[in-house]
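Student: Sharing a structure, written as structure tokens. Questions coming.
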Amino acid sequence: MVQNKKIWNRLKHLHAMKERRSPRLGPLQITVLGCMAERLKERLLERERCVDVIAGPDSYKDLPRLLAVSRHYQQSAINVLLSLDETYADVMPVRLNAESPTAFVSIMRGCDNMCSYCIVPFTRGRERSRPIDSIVQEVQALRDSGVKEVTLLGQNVNSYRDIITNADNKQEIANSKMAPGFSTVYKPKIGGMRFDELLRQVAETAPEMRIRFTSPHPKDFSEDVLRVIRDYPNVCKNLHLPAQSGNDAVLDRMRRGYTRDAYLKLVDTIRTILPNVGLSSDFICGFCGETEDEFKDTLTLMKLVRYNVAFLFAYSMRERTTAHRRYKDDVPATVKTERLQQMVQVFRQEATELHKFFVGREELILIEGKSKRSDQCWFGRNDANIKVIVPNVMLTDDKEINREISMGDFVVAKITDSNSQVLKGTPLSISSIAQFYSKSY
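As numbered in the working numbering, residues 6 to 446 make up the sequence shown, in order.
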């Protein structure tokens with residue numbers, strides 16, 4: 006709600022600028038793009054009347070025409086149609102910070118899961134994936150430009166399915182199953198190359214580049230995917246495993262497609278295949294009809310699993326979602342706030358204890374920049390995606406040269422202290438992925 010108010014205030018400010026603008030400077034056009042444009046098109050056009058062009062997330066190629074129509078006819082132009090095949094495969098993103106050692110690569114669009122609280126399927130459309138070759142080429146270009154870590158992005162990233170490159174490969178799909186105990190609202194998809202193959206090819210094309218991915222759905226963590234993560238040292242051993250709730254009745258109302266027991270069995274499988282894996286999760290409190298006992302199941306799940314990172318939210322109803330049609334947002338705001346505070350407290354307690362495991366260990370850190378609190382310290386992240394703070398000191402690199410730490414270095418650090426959010430360490434040497442993991446693989 007706060008973010009929406011900021012957007013509306015910004016639009017009103019721009020509209021006032023437009024009204025005051027001198028004719029000598031030419032017309033000022035106000036455009037709203039993306040998911041908000043699709044979701045709020047009626048209000049933007051009929052109630053506020055402060056926007057010239059409205060373009061949905063798949064309408065970027067139509068922008069020149071929309072702008073021309075709006076300017077020529079002095080009226081609003083709109084295109085919010087969702088495409089069944091637009092993947093942005095032919096768009097090479099521009100990095101906002103060319104010096105950053107990290108980058109993001111979008112591999113798919115949309116979502117088919119239809120969770121009852123989520124607006125994404127209605128604003129971004131059905132799942133469609135980029136061809137695997139275009140993704141690998143983008144990763145290669147980032148590798149050649151000096152990027153040391155890439156995150157593969159998708160709303161449901163591990164359900165990736167390239168039907169263009171290998172549309173007839175049905176045998177591969179038959180052997181690629183969902184995690185046991187999970188279900189979907191859609192029929193099984195046949196054909197195409199799946200996420201485990203994409204992950205393998207990306208890992209092999211850039212062995213000195215860390216590979217991460219987000220945001221996945223628990224149902225798509227097949228053992229095929231887990232084994233690829235295990236077998237490649239540059240694929241980070243940290244998984245985002247969004248639970249949303251720890252109660253079966255709430256999970257059913259959310260249409261998540263699994264039970265608490267199925268989720269816990271998946272966690273056991275993951276930790277068997279990937280010992281010491283870092284786990285993160287999403288949780289929502291105060292979903293429609295959530296009782297105090299149902300909420301307590303979420304707290305006990307958080308204590309059982311113990312996450313390194315958690316994204317915690319009080320439920321906020323979204324129009325056009327299944328929950329908006331079927332349920333009432335009946336948990337009082339004060340109760341939601343109290344429950345959110347309890348979730349935060351439980352997470353911090355468990356993460357504080359969990360992170361003590363790292364003290365005394367040597368971790369490989371990718372240096373991302375200077376610490377916000379001190380110019381004399383760097384920050385980076387370890388394999389488990391936990392922030393690590395290290396002092397700026399002279400170290401020996403792989404060429405036996407003594408030099409200061411630089412952004413983009415892989416640094417071996419011995420962890421000396423920890424809390425729920427951050428680790429602190431002493432830098433030992435400048436290293437590489439191959440060198441650091443040479444004894445493990």
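Every residue gets a Cβ at the ideal spot worked out from N, C-alpha and C, and that includes glycine.
Any contact between the region 104 to 111 and the region 302 to 311? By contact I mean 3 or more CB pairs, one from each, below 8 Å.
Tutor: no
Student: If we call anything under 7 Å between Cβ atoms a contact, is Y217 one with T156?
Tutor: By one-based count along the sequence shown, residue 217 stands at place 212. By one-based count along the sequence shown, residue 156 stands at place 151. Note on identity: in this sequence residue 217 is Arg, with Tyr being the wrong assignment. Taking 7 Å as the Cβ cut-off, R217 and T156 qualify as a contacting pair.
Student: Does DSSP put S75 in a helix, a strand or coil?
Tutor: Translated into the one-based positions of the sequence shown, residue 75 becomes position 70. Note: S75 maps to helix in three-state DSSP.
Student: How many whole angstroms separate the CB atoms of V207 and L244, which I take to be in contact at a CB cut-off of 8 Å?
Tutor: Taking the sequence shown and counting its residues from 1, one reaches residue 207 at position 202. Taking the sequence shown and counting its residues from 1, one reaches residue 244 at position 239. The Cβ separation is near 16 Å, so there is no contact.
Student: Compare the Cα-Cα distances from I406 to each of D422, V190, S434 and report the closest residue.
Tutor: Locating residue 406 in the sequence shown gives position 401, where the first residue counts as 1. Its Cα nearest to that of I406, the residue S434 stands out among D422, V190, S434.
Student: Following the continuous alpha helix (DSSP H) through P223, name the residue where it begins and the one where it ends.
Tutor: By one-based count along the sequence shown, residue 223 stands at place 218. First-last for P223: undefined, no H or E at that position.
Student: Rounded to whole angstroms, how far is the Cβ of Y320 from the Cβ of F292, which I believe are closer than 8 Å?
Tutor: Taking the sequence shown and counting its residues from 1, one reaches residue 320 at position 315. Taking the sequence shown and counting its residues from 1, one reaches residue 292 at position 287. Yes, they are in contact, since the Cβ atoms of Y320 and F292 sit about 5 Å apart, within 8 Å.
Student: Measuring CA to CA, which of N387, S376, T342 is closest to C364?
Tutor: On the sequence shown, residue 364 is found 359 positions in, with the first residue counted as 1. According to the sequence shown, residue 364 is Val rather than Cys. Nearest option by C-alpha distance: N387.
Student: Taking the alpha-carbon positions, what's the E228 to G186 distance?
Tutor: Mapped onto the sequence shown, residue 228 falls at position 223. Mapped onto the sequence shown, residue 186 falls at position 181. For E228 and G186, the distance between alpha carbons rounds to 13 Å.
Student: Report yes or no: do three or more beta-carbon pairs, one from the region 324 to 334 and one from the region 369 to 380, lie closer than 8 Å?
Tutor: no
Student: So for M214, helix, strand or coil by DSSP?
Tutor: On the sequence shown, position 209 is the one that residue 214 refers to. In this structure, M214 counts as coil in the three-state DSSP scheme.
Student: Considering only their Cβ atoms, is the gap separating M259 from Y122 smaller than 7 Å?
Tutor: On the sequence shown, residue 122 is found 117 positions in, with the first residue counted as 1. On the sequence shown, residue 259 is found 254 positions in, with the first residue counted as 1. In this structure, M259 lies closer than 7 Å to Y122 by Cβ.
Student: Out of curiosity, what's the CA-to-CA distance linking V427 and I394?
Tutor: Working through the sequence shown from its first residue, we reach residue 427 at position 422. Working through the sequence shown from its first residue, we reach residue 394 at position 389. Cα-Cα distance, rounded: 7 Å.
Student: Is the beta carbon of V56 sitting closer than 7 Å to the one on I83?
Tutor: Here residue 56 refers to the residue found at position 51 of the sequence shown. Here residue 83 refers to the residue found at position 78 of the sequence shown. No; because the gap between Cβ atoms is not below 7 Å, this pair is not in contact.
Student: What did DSSP end up calling T429 once you bin it into helix, strand or coil?
Tutor: The residue given as residue 429 occupies position 424 in the sequence shown. The residue asked about is misnamed: residue 429 is Lys in this sequence, not Thr. The answer is strand: DSSP assigns K429 an E or B state.
Student: Please look up how many angstroms separate the CB atoms of R131 and I112, rounded, as I've assumed it's under 8 Å.
Tutor: Taking the first residue of the sequence shown as position 1, residue 131 is located at position 126. Taking the first residue of the sequence shown as position 1, residue 112 is located at position 107. Wrong, their Cβ atoms sit about 15 Å apart, outside the cutoff.
Student: For D380 and N390, what's the separation of their Cα atoms in angstroms?
Tutor: Along the sequence shown, one-based indexing puts residue 380 at 375. Along the sequence shown, one-based indexing puts residue 390 at 385. So the alpha carbons of these two residues sit roughly 22 Å apart.
Student: Return the chain-ordered list of same chain residues with a C-beta closer than 6 Å to the C-beta of G385, the five sequence neighbours on each side being excluded.
Tutor: To locate residue 385, count along the sequence shown from 1; it is residue 380. Within the same chain, G385 has close Cβ partners I370, L371, I372, E373, V393.
Student: Quickly, what does DSSP pair M399 with across the bridge? List them, please.
Tutor: If you number the sequence shown from 1, residue 399 lands on position 394. In the DSSP output, where bridge partners are listed per residue, M399 has E409.
Student: Could you give the C-beta distance for S425 and A356, rounded to a whole number, given that I count them as a contact under 8 Å?
Tutor: As a first step, residue 425 is located in the sequence shown; it is residue number 420 there, counting from the start. As a first step, residue 356 is located in the sequence shown; it is residue number 351 there, counting from the start. The Cβ separation is near 4 Å, so the contact holds.
Student: When the Cα atoms are used, what is the spatial distance from K444 to V272?
Tutor: One-based indexing of the sequence shown puts residue 444 at position 439. One-based indexing of the sequence shown puts residue 272 at position 267. Computed Cα separation, rounded: 27 Å.
Student: Can you name, in chain order, every residue of its own chain whose Cβ lies under 6 Å from the Cβ of E177, other than the five neighbours on each side?
Tutor: Residue 177 sits at position 172 when you count from the first residue of the sequence shown. Bear in mind that a pLDDT of 48 at E177, under 50, signals an unreliable position, so the number given afterwards is only what the model happens to contain. Counting only Cβ-Cβ distances below 6 Å, and skipping sequence neighbours, we find nothing.
Student: Under three-state DSSP, which class holds D422?
Tutor: For this step, residue 422 is matched to residue 417 along the sequence shown. In this structure, D422 counts as strand in the three-state DSSP scheme.
Student: Thinking C-beta only, is R26 closer than 7 Å to L33?
Tutor: Locating residue 33 in the sequence shown gives position 28, where the first residue counts as 1. Locating residue 26 in the sequence shown gives position 21, where the first residue counts as 1. Their beta carbons are under 7 Å apart, which means L33 touches R26 by this criterion.
Student: Looking at C-alpha atoms only, which residue of E104, N102, R133, A103 is the closest neighbour of G115?
Tutor: Stepping through the sequence shown from its first residue, residue 115 is reached at position 110. Selected option, being the one with the closest Cα: R133.
Student: Please look up how many angstroms separate the CB atoms of Y165 and F200, rounded, as I've assumed it's under 8 Å.
Tutor: The residue given as residue 165 occupies position 160 in the sequence shown. The residue given as residue 200 occupies position 195 in the sequence shown. Confirmed, about 4 Å.
Student: Measure how close the beta-carbons of Q249 and F300 come, nearest whole angstrom, since I'm counting them as under 8 Å.
Tutor: On the sequence shown, residue 249 is found 244 positions in, with the first residue counted as 1. On the sequence shown, residue 300 is found 295 positions in, with the first residue counted as 1. So it is not a contact: roughly 12 Å between Cβ atoms.
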